[in-house]
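To keep things clear, I will list the structure first and then write my remarks on it.
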Ligand SMILES: Nc1nc2c(ncn2[C@@H]2O[C@H](COP(=O)(O)OP(=O)(O)OP(=O)(O)O)[C@@H](O)[C@H]2O)c(=O)[nH]1
Ligand SMILES: [Mg+2]
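Chains as they are written, first to last, in my numbering: chain A, 1 to 337; chain B, 1001 to 1134.
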C-alpha cells in the first residue's frame, strides 16, 4: 500500500483531488480509451484517488448488464466470453470485459492470459478488454474489479462480461457483482459433481456444460440435473443446464437466450432490487472495513500505540481481540469492552 | 508500495512459435511483474490497442520471422500516434547483431538477441519503465 492518508479530507474526495481528475474522467467519458485504461489503473493502484474518480462517475453507473463467467481452470471461460461477445456485438451492443487471473503469492507477479482467446475484439471500438490480477484478494476477482466495472459502465458499455479466476469451492464473490452468473464446467475438468456440491455450483444462475463436442458431456449434464432434482426445496430459479461448445458459435445462441431469460426473471417481482441491495451492502461493508482498518492503523502508528499493540499481543499480555477493540476505541470507533 | 510493472508480451507476424515468448513471460511474472500475454499472429494495430487497454509500461515483442525491420518501427510509430509514447517497446528473438542498432534507432528501448539471459532481459525491462513506479 502507498502511504495513504485515509483521514476524512482525502477519503471524501477533496475539491483539489476532484479538480485534478476532472480532465481524465471527462476524457474517458468522452470516449478516450487511453484515459479509461489509465483511470482503471489509478483506482487499482491508488486507493486515495478512487473517491474522486467514483464521485464523478457514480451518477452514470447502474446502466450496464453484468454477466459473470466462473468455473474451474481450463473449462473454456475465456472462449465463452469471446463467443458471447460475438453475440452481443451482433445485436449492436458495446461490450466491456474484465478478466481476472491470480497473482502469485510468492512473487506478486501474475500471468494474465485470457486475452489470447479474445484477440479478434482488440481493434473493435465497441469492445474494451482489461485483465486484472487478484493482488491477494480472495473470492475469485480482484479488489479493483468493482471499480473497473463501474468505470466501464459509466463510459457506456452496455454489457460487461466478468471472467473470474479459475474457481473451485470458495471463489463466489462474483455472485455479489453480476446480474447473471454462468458456472462453466467441462467433461473431465470439474465434473466431479459430488465434490463441487458445496462450492461454486450453488451460485449458478446458469450451469454450462462446455466442450460438449467431447465425450461424457451428456453424462455430466445428467449428473447436474440429478443434483438439482435432489434439492430439498425447489429454488425460486432452477438453473438450466446447457450443453454448449464454445468453439462452435451456433451452440452459444441458446446460451444467450438463457441469459436473457434469467435477466427477465430477475427483473420481475423486485428481485433485481433485492440483488442490487445485497450487492450494495456487500460492497459498502467491504469498503468500510478497508477504510476503517487503514484509519485505525494509521492513527495507532501516529500515536505510537501500534508498536505497543504488537508488543502486547506477541508477549501474550493481551490477545488479538482485546488489542483490536482497544485500538478501535482509541480511534473513536466502537465502545465494547 | 510500488505499483506493479505491467508488460504486454506479444508475437507479431507470421511465425508460429511462442515457446520463447512464454519463457520470457514466465520470467517477468517470477520477477513480480503483471504480464499480459496476447498470443500469436498479432497485427501492430492489435498490439497497440491491447497495450492501451491494459495500460502497460512495456510492450515486449517476440519476433522470430525475420520481419523485425519492418514490424518494430511500425509498432513504435503507431504507439506514439496513439499517445503511448511513454510505453517502451522491447524486441527479442532472432535479431542479427547488425540489425539491433537500427532497431534502437527506430525507437526500440532494448533489443535481445539469441543468447540473452533471462536475468539481463528482466533487468533491462525494469530499466525501460518510463512512468513513475511509486
Ligand atoms: N473441444 C473443445 N475445446 C474447447 C471448447 N471451449 C474451449 N476449448 C479449449 O479449452 C482450452 C481452454 O479454454 P479457455 O477458454 O482458455 O479456458 P478458461 O476456462 O478461460 O481457462 P483459465 O482462464 O485458464 O481458467 C483452450 O484450448 C480452448 O480452445 C469447446 O467447446 N470444445
Ligand atoms: Mg480464461
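Using N, Cα and C, we set each Cβ at its ideal position, and we do this for glycine too. A quick note: this is a predicted structure, and the numbers were derived from the prediction, not measured.
For ligand 2, the residues with a Cβ under 7 Å from any of its heavy atoms are, in chain order, 77(A), 78(A), 99(A), 113(A), 114(A), 117(A) and 163(A). Burial state of residue 106(A) is exposed, judged by a 10 Å Cβ sphere holding fewer than 16 other Cβ atoms. Under DSSP, the beta-bridge partners assigned to residue 1062(B) are 1092(B). DSSP places residue 65(A) in the uninterrupted beta strand (DSSP E) bounded by 65-70. DSSP, reduced to helix, strand and coil, places residue 163(A) within a strand of the structure shown. About 33 Å separates the CB atoms of residue 302(A) and residue 151(A); that is not less than 8 Å, and the two are not in contact. As DSSP reads the structure, residue 186(A) sits in a beta bridge with 189(A). Contact check between the stretch 163-182 of chain A and the stretch 256-269 of chain A: three or more CB pairs, one atom from each, fall below 8 Å, which counts as touching. Scanning 29(A), 199(A), 48(A) and 87(A) for the CA closest to the CA of residue 56(A) turns up 29(A). Not a single C-beta of chain B is nearer than 8 Å to the C-beta of residue 142(A). Bridge partners of residue 1007(B) according to DSSP: 1035(B) and 1058(B). For residue 1018(B), the shortest separation between its Cβ and any heavy atom of ligand 1 does not lie below 7 Å. Residue state for residue 130(A) is assigned as strand, using DSSP reduced to three classes. Counted as a single uninterrupted DSSP element, the stretch harbouring residue 80(A) is not any beta strand (DSSP E) but the alpha helix (DSSP H) occupying residues 77-90. Here residue 1115(B) is exposed. Its C-beta has fewer than 16 other C-beta atoms within 10 Å. At a cut-off of 8 Å between C-beta atoms, residue 123(A) counts as an interface residue with respect to chain B. Residue 1016(B) sits away from residue 1071(B), with the two beta carbons spaced by 8 Å or more. Residue 61(A) sits in coil when the DSSP states are folded into three classes, being neither helix nor strand. Three or more Cβ pairs closer than 8 Å define a contact, and the stretch 315-330 of chain A falls short of that threshold against the stretch 117-129 of chain A.
Going by DSSP, residue 206(A) is part of the beta strand (DSSP E) stretching over 206-209. None of the residues of the stretch 1091-1119 of chain B has a beta carbon lying less than 7 Å from any beta carbon of chain A. For residue 1036(B), the C-beta contacts it makes with chain A under 7 Å involve 112, 115 and 131, in order along the chain.
A straight line joining the alpha-carbon of residue 66(A) with that of residue 1079(B) spans about 31 Å. Residue 102(A) is positioned such that its CB atom lies no closer than 8 Å to that of residue 141(A).
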